[in-house]
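Student: Per this note's numbering: the sequence shown = residues 236 to 400. Yeah, the Cβ is synthetic: ideal placement off N, Cα and C, and Gly gets one too.
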Amino acid sequence: MGVTLVSIARVAAMGAAVVFEDGQCLISRLDDGVVTIIPLLDGLYRLRIPRTETAAAVGDADTPVRAVTRAELHRELGHIAPDAAHNMVAKGAVEGLVLSDADGPVDDCESCAVGKMTRKPIATERVRLRAMDVGGEIHTDVWGPARTQTLGGRRYYSMYTDDYS
Numbered sequence: 236m237g238v239t240l241v242s243i244a245r246v247a248a249m250g251a252a253v254v255f256e257d258g259q260c261l262i263s264r265l266d267d268g269v270v271t272i273i274p275l276l277d278g279l280y281r282l283r284i285p286r287t288e289t290a291a292a293v294g295d296a297d298t299p300v301r302a303v304t305r306a307e308l309h310r311e312l313g314h315i316a317p318d319a320a321h322n323m324v325a326k327g328a329v330e331g332l333v334l335s336d337a338d339g340p341v342d343d344c345e346s347c348a349v350g351k352m353t354r355k356p357i358a359t360e361r362v363r364l365r366a367m368d369v370g371g372e373i374h375t376d377v378w379g380p381a382r383t384q385t386l387g388g389r390r391y392y393s394m395y396t397d398d399y400s
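Here is the structure:
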């Protein structure tokens with residue numbers, strides 16, 4: 236089973252309503268009614284789509300061909316390197332797709348950028364002098380989510396340390 240991420244912003248932009256209730260995400264349109272129901276599993280709403288494989292003879296005239304840009308190809312092939320995606324189409328490894336005449340370079344992909352985010356390494360030695368006054372420099376850290384909630388229903392812990400003290 237494949238898992239697909241759904242952009243709520245795009246769903247809303249298409250005129251659909253999204254409702255989260257009773258452990259489900261319901262996507263509906265006024266003219267079509269409920270389009271899909273996505274269940275809540277392990278804290279995530281997972282749209283499960285059964286994988287289907289189709290075989291087509293190479294060069295079959297009935298095989299539909301769709302033109303895509305390099306950016307669309309990058310997204311549709313799971314955010315692989317744009318040049319690798321281009322080479323796959325050029326060498327015939329991907330059936331049913333051809334590169335569009337309007338093809339151009341892939342601009343910064345937001346999903347790829349978010350996936351590559353890292354935090355700065357924590358220095359093992361102090362680089363700067365300590366703060367000279369109370370409140371001059373505050374360090375913070377957030378921990379969570381915890382598997383068990385507090386009595387108040389919270390799952391995160393945040394800590395603040397004054398550099399002076």
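#1: At a cut of 8 Å, does the segment 344 to 360 reach the segment 368 to 388 through at least three beta carbon pairs?
#2: Measuring CB to CB, does Leu334 end up less than 9 Å from Arg305?
#3: Going by alpha carbons, who is nearest to Val300 out of Leu282, His314 and Leu332?
#4: Rounding to the nearest angstrom, what Cα-Cα distance links Ala244 and Gly387 in this structure?
#5: Which residues in the same chain as Ala247 place their Cβ atom closer than 7 Å to its Cβ, once the five residues preceding and following it in sequence are excluded?
#6: At which residue ranges does the segment 295 to 355 contain complete alpha helix (DSSP H) runs of 4 or more residues, listed in the order of the chain?
Tutor: Quick look at the numbers:
#1: Too few Cβ pairs lie closer than 8 Å, so no.
#2: yes
#3: Closest option to Val300, Cα to Cα, is Leu332.
#4: 32 Å
#5: Taking Ala247 as the centre and dropping the five residues before and after it, the same chain places the C-beta of Val253 closer than 7 Å to its C-beta, in chain order.
#6: 305 to 311, 317 to 325 and 345 to 350
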